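A.B. asks: Protein chains in written order, with our numbering: chain A, 309 to 765; chain B, 309 to 765; chain C, 309 to 765; chain D, 309 to 765.
For glycine and all other residues, C-beta sits at the position ideal for the given N, C-alpha and C.
If you're wondering where the values come from, they're calculated on a predicted model, not measured in any experiment.
4 protein chains.
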Amino acid sequence: MAKKLWGGRFDKKTDPLVEEFTSSISYDKKLACFDIKGSIAHAKMLGKCKIITKKESAILVKGLESIGKKIGKVKLNSKAEDIHTAIANLLRSKVGKVADKLHTARSRNDQVVLDVKMYTKDAIDNLICLITSLQKAIIKFANKNSKIIIPAYTHLQVAQCVLLSHHLLAYVEMLARDKERLSDTKKRTDFMPLGSCALSGTGLHIDREYVKNNLGFSRLTENSIDAVSDRDFILELLSNLVIISIHLSRMAEDLILWATKEFNFIDIDFSFCTGSSIMPHKKNPDVLELIRASVGKVGGDFSSVLILMKGLPLTYNRDLQLDKPPLFNSTETINNILQVFTELFKNIKINKTVIAEKVRDESLFSVDIVEYLIEKGSSYRQAHDITGKMVKDTLDKGRKISDLTLKELKKYSGKFEKSVKSILNAWASVSRKTSSGGTGPRGVKRQIAKWSKRLNA
Amino acid sequence: MAKKLWGGRFDKKTDPLVEEFTSSISYDKKLACFDIKGSIAHAKMLGKCKIITKKESAILVKGLESIGKKIGKVKLNSKAEDIHTAIANLLRSKVGKVADKLHTARSRNDQVVLDVKMYTKDAIDNLICLITSLQKAIIKFANKNSKIIIPAYTHLQVAQCVLLSHHLLAYVEMLARDKERLSDTKKRTDFMPLGSCALSGTGLHIDREYVKNNLGFSRLTENSIDAVSDRDFILELLSNLVIISIHLSRMAEDLILWATKEFNFIDIDFSFCTGSSIMPHKKNPDVLELIRASVGKVGGDFSSVLILMKGLPLTYNRDLQLDKPPLFNSTETINNILQVFTELFKNIKINKTVIAEKVRDESLFSVDIVEYLIEKGSSYRQAHDITGKMVKDTLDKGRKISDLTLKELKKYSGKFEKSVKSILNAWASVSRKTSSGGTGPRGVKRQIAKWSKRLNA
Amino acid sequence: MAKKLWGGRFDKKTDPLVEEFTSSISYDKKLACFDIKGSIAHAKMLGKCKIITKKESAILVKGLESIGKKIGKVKLNSKAEDIHTAIANLLRSKVGKVADKLHTARSRNDQVVLDVKMYTKDAIDNLICLITSLQKAIIKFANKNSKIIIPAYTHLQVAQCVLLSHHLLAYVEMLARDKERLSDTKKRTDFMPLGSCALSGTGLHIDREYVKNNLGFSRLTENSIDAVSDRDFILELLSNLVIISIHLSRMAEDLILWATKEFNFIDIDFSFCTGSSIMPHKKNPDVLELIRASVGKVGGDFSSVLILMKGLPLTYNRDLQLDKPPLFNSTETINNILQVFTELFKNIKINKTVIAEKVRDESLFSVDIVEYLIEKGSSYRQAHDITGKMVKDTLDKGRKISDLTLKELKKYSGKFEKSVKSILNAWASVSRKTSSGGTGPRGVKRQIAKWSKRLNA
Amino acid sequence: MAKKLWGGRFDKKTDPLVEEFTSSISYDKKLACFDIKGSIAHAKMLGKCKIITKKESAILVKGLESIGKKIGKVKLNSKAEDIHTAIANLLRSKVGKVADKLHTARSRNDQVVLDVKMYTKDAIDNLICLITSLQKAIIKFANKNSKIIIPAYTHLQVAQCVLLSHHLLAYVEMLARDKERLSDTKKRTDFMPLGSCALSGTGLHIDREYVKNNLGFSRLTENSIDAVSDRDFILELLSNLVIISIHLSRMAEDLILWATKEFNFIDIDFSFCTGSSIMPHKKNPDVLELIRASVGKVGGDFSSVLILMKGLPLTYNRDLQLDKPPLFNSTETINNILQVFTELFKNIKINKTVIAEKVRDESLFSVDIVEYLIEKGSSYRQAHDITGKMVKDTLDKGRKISDLTLKELKKYSGKFEKSVKSILNAWASVSRKTSSGGTGPRGVKRQIAKWSKRLNA
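Next comes the structure, spelled out in structure tokens:
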């Protein structure tokens, strides 16, 4: 059995069932390196402030550093209550009784918040990096296919022509917001809690500024009760991850649709697909389906922390222990998806011929006709009605608008000229859209250039 | 690398990133024993139906049985795509090429549903057993303290006297509904899916009835597409677990409050408490807090499956793979809580003297006074108003109702007689409540007897 | 201002902000008719038990009945705290002071549970009815198109041929489980709580059996604390509705896909579509999208009640007031969807020619070829590999399997005979699937017959 | 029936069931004023850019302004499809056919995003204002009670003494983060989407900068597809509201506990409490319970939008319509709570005598004793063990530490001096905590001053 950090008043051993039930080491071991870094800073501060001797401080620091080097290599005592206890015990076995001084002016309440904040800041840096990689992969793919025009959909019904690259840039925008959101969350996480102790601060003359600077935090928490009770940063990171997961699920859905035999816009390389145990012809985009489903995982994790936080009285309650599995799981899930999605973009082939055929569908140009009529003086509603009727008639009769004679066109509106036929093709259609943010090739090119520059900065 | 169950059309190796990302063996290994049982039944059926030879069938069965014996002991290939593949590969290495015949007239689509249904049925049996144990522990505790009267609360304000045992029986009722709900879920899970193959059934002359009987299912699924797409039983079990977790969280909350210094109704044994790393006087009910927080875990898991199921087209989609971690986690969480809660009841001591003092609070008898007046002919509202005024006056003047003279009482209502004083005590108060389902000692005794009999049946 | 049901001890008026904040009449007015029915039964019982006089009882009953007739026609006092108070006040203005006797041996705690249980039972009956209508509409549609064969999908990739009717019957199965689940929930709701009063029962000699029978409940609640604290039936109904909403969202998704230009299996009538304010050619399946999105509404409502219940100490807490908006909203949402979906099926046209073309895709028959080879003696894996290779080669070379010569076929496997060509068509493919629950036309016909009979029983 | 904004191609009337099912006017009428402002800016721009004539523009602007003045006063056509249609129809009836020109270069897709963004920005400004008011009320209350010392709790067990004001400042910190989070969300919402039209932009020569400036937006959306599909800002605001609701629920829980007879720290004024229909002595903190329960409402709303967004393909889908009820409901819920909570703080009385008695509990000083020993040279663990033993012994023997003789103290540790007794009181205990962010009176005073200044800036 592992020695506990408490017990003075206890004259009875903890029931083994309770020990197992309350143990967190199976997951909080992920905090090991942060716990050690935090303890080193704390030990240095204790020495500097003469709360322990310089020598004691040095012994603690050395002991912790040596444990730090082995983390990931040695097996942690799975019987320890938590990672903090496991490391405290390791330290004691290494440096002897002086290890007992490390917990001076510190409680697990502030220690665990420190560790999780360090984890969170680190996770955010990492996520931002991975999102940037995905953005780059998308931009690269968009750039390579910059002339491809696809039908865009609303309600999954063909709507208008857009550049494939314009469609993809929509995701780059979403991901950019995701990064900004992560940065804002990091900013609010970046407050150093150590020195709050159990909940009220301490009477020992500690130096919180020193610890803050040593650990690279920007600011100090300013209320010890808030410091030990606050899990906002976890909820906030999880809400960021929820939004990211939604973006990724939408991108996955688009690609799943595009990879169907029916849409057939893209081919995903065999190395990124899986097959069927029973149907030898199958080539399935499982990776994308698992990405889509991951919204469930991340959304569930957010709910989980939300529920456990509800109505908890101040200050610390043990409920907070269960904030960690959702945090770790969702962070890792999104991490993995970002990596696999980045690679996936290198394994997609555009079916140019198929797509070129699709954008011959003239209903894609109905808005162009409407705008043509408006420019000739129609009101929006007249133009909409005229075009609607024309679409209906041609569909009913199985004809194409471009095949109508000028005389036939004039029946719908005297405003039609021969020139209308020149707008009935995909390239003309996207080229018309010169409004800022629109799918016009020049604007899109500028956007690609802007992003390329920004992402490689 | 582990051999896959598919690949015929594939001329390229799966990307290692994809293999890792899509692998499920780290969690679906929990299905190993069900997978083997299912395969044995399938192999026997194939032999019986002469789809494979009797001899081949016997070899497969023997091979699977021998693998079954070692499950839990040997390490599974963590590189295998999933548990089904891992076992198929083990079988091949054991019995050679005949192993390839096992997958005849079966797909992973129906195989995985079979396994998860078997897991679910087994989990439900186990949960019902554990709930019964907890009910028994509560009944035992209630019976031991059958004379204790506590103040009951509404809005966390003292309301009326009740027997502690009556309060506890409320939880026994909740848990009884939980078991009934689980049974109903099991009933709807108990449909054997094998033979649905990928989604459409098979042309081979299989015998589904045989497999059903062999595996102890009650009925066959009647639509192959539904059979491979349906995850209702998972959502249903998770919703059952959510409701159970709410019950457990409420019971935990009651005990957390009762264990505070302020309420002080109970003492939890040191062996079921934990201490503080910084405050040597602390004795904390961490177990109860973790139980309370587990609603988050289970609620998150339900959300997770709900989200991933939303809007999935028929038939099978890989998204469904992610139904398993929530199912397993929540099942195990509730399993553990039920066990620890059962033990906890053996470690609670009632602080009789403290409680006896609490129920001297005369505001607990206000409804008794109201009913006294009604019996004497007051309308409910008169009685309510009179008693309200009396409570107010005595509180304002720091007096007790039982100390009022008859004359003073008569000022509030001429209906008061000396007899009213005899109802102003806890035992009289609970004894009055003779309505069925009420807290009257005779009724409660009958309830305890009923439950004791039912739970030990 | 409306008179309150309490106030005796209160010497100060409630703050108007508080009155507004705590008021529930804007939503619990939906309980009006149940509240009145419950009060009538209660008034009758009070008279029968001589707790009030027969005459008083008769006056109350008459007054309540007359209010009941006007419910829905007269405007309720929106200043009343809740529907119970509004009706109590109406009654007082109608029958005078005797109205004050109605609340004898009753609390709002048990009254509100009664009302919500009556609402729930009624809602369930209604839902079951509407689900049956939808099932009938599906069966009718399936029957009308019983010869249509469509490609079924796994991973949204074409998989195998199935009868359209078989595909639709999968939804009939889901909806049947939904009804069974609702019935089970009703069974657990069907416990009459009145007589539990605030939480402990009463000393007045009431007759709960009488009230139970009068109101058509099957059983009595057996623990007064549980009776006023229990909201399981709400959570259970909401979890049922979540599962139903998932089924409906999946059916909607299938139809959304089928209605795309790319799949083009169906045409939805203009009367069930909407257009675009800007794109005159659009015809959008908005109804289906709103159905799909409703999982969010219902899922959110379930979460909402789950969260508010978490960790509530016994007995009644005001938090429980907020259980009603989610219950009402989700019930009405699913009600509406069921009705609109039933009508929708009358407005779908199958594009037979398009579909007939789609099922010429020979990869749909790969499993048939595999089974052909197995019947000729191949092991499943050999058959899978051979067929995989054949599919790959023909795809690569742009050929069809049915165009291969026998000699070419033999290169893949000596087991191929000329007869293989006869299985390469959709009708042969579905006809082969004779296993029970499979897509074989005879089995499907039996299923349709079974359901027709059952639904019209 | 209201005229629709579309219909050109439609030769059939929409089914009334569909009209009702798809209508959103019952809730999106809340967008009326924003819709009008947006339309005015759009009309001005169309005139300025000569897409319509100056005169037409002026007529539209005047018509819209006159409608704007009556919003909230006239009843909107409840048969209109949505608020945009209702206003368009009103405009047409007011200014005639020129109204048809307003929809030029605009789609409902970008119009609705504009409206909801304007609503969101406005809502955020309002929320920040209300949070500031609540913070001020807390600071005022804290300041008024700045000398009160309460026991702080961990695990709901008495832990250490803190200033009441320090405890309350924890909530001020949380609320400050809430405001910052809202500001960040506003920053990301502040992108003007108009000009994105249906999804691709327009060929008409519009001036988006003009509209942006006119409506007070900071920036333009830069991708038209993203602009019409993005609902991040709704999810982000809802996640902010979830976190706020958790803070409010925790504060409510603290006050609910403090208002129990058992804790008895505070009295809430009768005007902010409610009574019981059956128990005349009751005075219940219903307001706080409803606040606590509102996490459910807000959490459910977040889930709702999360679920509906999952896996939606680009670009616009009708599912997005259902983002509005959760947005509006949660915003209003939190709005109301903030107001009622601010008033509540004016209606709380501190029970000074009761609290003063509570903080005589010497176990509250155990950490002070530990630190005393550390300052005398003990290691943290020795000090913890010694104090633990002392607490245990005195509890067991029913003695107080302050009554121990020096000789008795010395038995625990030779380091004890007479001086230890001077630290065994609440004021000494909090005064010791001089570390930054701790509960020391000087630091807390500084914090109050800082907040007073900041909030009144």
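(1) State yes or no: is the beta carbon of M309 (chain A) nearer than 9 Å to at least one beta carbon in chain B?
(2) Can you list, in chain order, the residues of its chain with a C-beta nearer than 8 Å to that of Y688 (chain C)? Leave out the 5 residues immediately preceding and following it.
(3) Where does S415 (chain C) land, buried or exposed, given buried means 16+ other C-beta within 10 angstroms?
(4) Give the residues of chain C in contact with N548 (chain D), contact being defined as C-beta atoms less than 8 Å apart.
(5) Which class does L471 (chain C) belong to by DSSP, given the choice of helix, strand or coil?
(6) Under 8 Å, with one C-beta from each stretch per pair, do the stretch 341 to 358 of chain D and the stretch 515 to 523 of chain D reach the 3-pair mark?
(7) Give the secondary structure of Y624 (chain D) by DSSP, where H, G and I count as helix, E and B as strand, and everything else as coil.
(8) If we count the other Cβ atoms within 10 Å of its Cβ and call it buried at 16 or more, is F757 (chain A) buried or exposed?
(9) Any beta carbon of chain A sitting closer than 9 Å to that of T330 (chain D)?
(10) Bridge partners for P459 (chain C) per DSSP, in chain order?
(11) Using DSSP's beta-bridge definition, name the partner residues of I576 (chain B).
(12) For R527 (chain D), list the residues DSSP reports as bridge partners.
(13) Run down chain A in chain order and give the residues with a C-beta less than 8 Å from the C-beta of D319 (chain B).
(14) Taking only beta carbons into account, state which residues of the stretch 442 to 469 of chain D come closer than 9 Å to chain A, listed in chain order.
(15) Mark K761 (chain C) as exposed unless 16 or more other C-beta atoms lie within 10 angstroms of its C-beta, in which case mark it buried.
(16) Quick one, which of A:D423, A:T330, A:C469 and A:K726 has its alpha-carbon nearest L672 (chain A)'s?
(17) For a contact defined as C-beta to C-beta under 7 Å, what are the partners of M353 (chain D) on chain C?
(18) Based on Cα-Cα distance, which residue from D:Q465, D:S491, D:A484 and D:K495 lies nearest to L507 (chain A)?
(19) If the cut is a Cβ gap below 8 Å, which residues of chain A does L617 (chain C) touch?
(20) Quick check: the Cα distance between I457 (chain B) and S386 (chain B), rounded to an integer number of angstroms?
(21) On a Cα-Cα basis, can you pick out the residue from C:E544, C:T510 and C:G524 that is closest to N531 (chain C)?
(22) Just checking, does the stretch 518 to 529 of chain C make contact with the stretch 499 to 506 of chain C on the three C-beta pairs under 8 Å criterion?
(23) Determine the DSSP secondary structure at T742 (chain D), reduced to helix, strand or coil.
(24) In three-state DSSP terms, what is N521 (chain B)?
(25) Run down chain D in chain order and give the residues with a C-beta less than 9 Å from the C-beta of N592 (chain B).
(26) Is the distance from the Cβ of F610 (chain A) to the Cβ of V550 (chain A) below 9 Å?
(27) Which whole-angstrom value describes the C-beta separation of D777 (chain C) and D390 (chain C), a residue pair presumed to lie in contact below a C-beta threshold of 8 Å?
(28) Name, please, each residue of chain C whose Cβ falls closer than 8 Å to the Cβ of N625 (chain B).
(29) Which residues in chain A have a C-beta closer than 7 Å to the C-beta of S588 (chain C)? List them in chain order.
(30) At what residue ranges does the stretch 392 to 419 of chain A contain a whole run of the beta strand (DSSP E), taking only runs of 3 or more?
(31) Please name the residue or residues paired with V382 (chain B) in a DSSP beta bridge.
(32) Hey, quick one: how far does the alpha helix (DSSP H) through Q690 (chain D) stretch, first residue to last?
(33) Within 10 angstroms of its Cβ, does S505 (chain D) collect 16 or more other Cβ (buried), or is it exposed?
(34) Near S365 (chain D), what residues of its chain come up, given a Cβ to Cβ distance below 8 Å and the 5 sequence neighbours on each side ignored?
C.D. replies: Taking the structure as given:
(1) As a working note, residue 309 (chain A) is residue 1 in the first sequence. Legend: pLDDT at M309 (chain A) = 39, less than 50; position of this residue unreliable, value from coordinates given subsequently. No, no contact with chain B.
(2) Here residue 688 (chain C) is taken as the residue at index 380 of the third sequence, counted from 1. Hits under 8 Å: V678 and I682.
(3) For this step, residue 415 (chain C) is matched to residue 107 along the third sequence. Buried: at least 16 other Cβ atoms inside 10 Å.
(4) Numbered from 1 along the fourth sequence, position 240 holds the residue referred to as residue 548 (chain D). Result: empty, since nearest Cβ-Cβ is about 17 Å, beyond 8 Å.
(5) Here the question's residue 471 (chain C) lines up with position 163 in the third sequence. Three-state DSSP puts L471 (chain C) in a strand.
(6) yes
(7) Walking along the fourth sequence from the start, residue 624 (chain D) turns up at place 316. Looking at Y624 (chain D) - three-state DSSP - the assignment turns out to be coil, as it is neither helix nor strand.
(8) Taking the first residue of the first sequence as position 1, residue 757 (chain A) is located at position 449. In the sequence as presented, Phe is not what sits at residue 757 (chain A); that position holds Ala. A757 (chain A) comes out exposed.
(9) Counting from 1 along the fourth sequence, the entry for residue 330 (chain D) is found at position 22. It does not; no Cβ of chain A falls within 9 Å.
(10) Along the third sequence, read from residue 1 onward, the residue named residue 459 (chain C) stands at position 151. Answer by DSSP bridge pairing, in chain order: C:C469.
(11) To locate residue 576 (chain B), count along the second sequence from 1; it is residue 268. B:I656.
(12) Counted from its first residue, the fourth sequence places residue 527 (chain D) at position 219. Answer by DSSP bridge pairing, in chain order: D:F499.
(13) Reading the second sequence from its first residue, position 11 is the one you call residue 319 (chain B). In chain order: F578.
(14) Within the stretch 442 to 469 of chain D, the qualifying residues are A460, Y461, T462, H463, L464, A467, Q468 and C469.
(15) The residue you call residue 761 (chain C) lines up with position 453 of the third sequence. K761 (chain C) comes out exposed.
(16) As a working mapping, residue 672 (chain A) is identified with position 364 in the first sequence. Ranked by Cα distance from L672 (chain A), the options A:D423, A:T330, A:C469 and A:K726 are led by A:C469.
(17) Taking the first residue of the fourth sequence as position 1, residue 353 (chain D) is located at position 45. Chain C residues near M353 (chain D): none, gap ~17 Å exceeds 7 Å.
(18) Counted from its first residue, the first sequence places residue 507 (chain A) at position 199. Of the candidates D:Q465, D:S491, D:A484 and D:K495, the one whose C-alpha sits nearest the C-alpha of L507 (chain A) is D:Q465.
(19) Sequence index remark: in the third sequence, residue 617 (chain C) carries index 309 (1-based). Note that residue 617 (chain C) corresponds to Met in the displayed sequence, not to Leu. Counting only Cβ-Cβ distances below 8 Å, M617 (chain C) has no contacts in chain A at all, with the closest Cβ about 10 Å away.
(20) Mapped onto the second sequence, residue 457 (chain B) falls at position 149. Mapped onto the second sequence, residue 386 (chain B) falls at position 78. Straight-line Cα distance between these residues: approximately 57 Å.
(21) Your numbering for residue 531 (chain C) matches position 223 in the third sequence. For N531 (chain C), the nearest C-alpha among the options comes from C:T510.
(22) yes
(23) Position 434 of the fourth sequence, counted from the first residue, corresponds to residue 742 (chain D). In this structure, T742 (chain D) counts as coil in the three-state DSSP scheme.
(24) As a working mapping, residue 521 (chain B) is identified with position 213 in the second sequence. Three-state result, N521 (chain B): helix.
(25) In the second sequence, residue 592 (chain B) corresponds to position 284, counting from 1. Near N592 (chain B) (Cβ distances below 9 Å), the residues of chain D are T462, H463, L464 and Q465.
(26) Within the first sequence, residue 610 (chain A) is the residue found at index 302, counting from 1. Within the first sequence, residue 550 (chain A) is the residue found at index 242, counting from 1. Yes.
(27) Since the first and last residues shown for chain C are 309 and 765, residue 777 (chain C) lies out of range.
(28) Working through the second sequence from its first residue, we reach residue 625 (chain B) at position 317. In chain order: T462, H463 and L464.
(29) Looking up residue 588 (chain C) in the third sequence gives position 280. It should be noted that the sequence gives Pro, not Ser, for residue 588 (chain C). Neighbours of P588 (chain C) on chain A, chain order: S674, V678, H692, T695, G696 and V699.
(30) none
(31) Here the question's residue 382 (chain B) lines up with position 74 in the second sequence. Note: V382 (chain B) sits in a beta bridge opposite B:I379.
(32) For the purposes of this step, residue 690 (chain D) is taken as residue 382 along the fourth sequence, with counting starting at 1. From DSSP, the alpha helix (DSSP H) with Q690 (chain D) extends over Y688 to K705.
(33) Sequence index remark: in the fourth sequence, residue 505 (chain D) carries index 197 (1-based). The sequence given here has Cys at residue 505 (chain D), not Ser. Its Cβ being crowded by 16 or more others within 10 Å, C505 (chain D) is buried.
(34) Here the question's residue 365 (chain D) lines up with position 57 in the fourth sequence. Counting only Cβ-Cβ distances below 8 Å, and skipping sequence neighbours, we find A351, K352, L354, G355 and K356.
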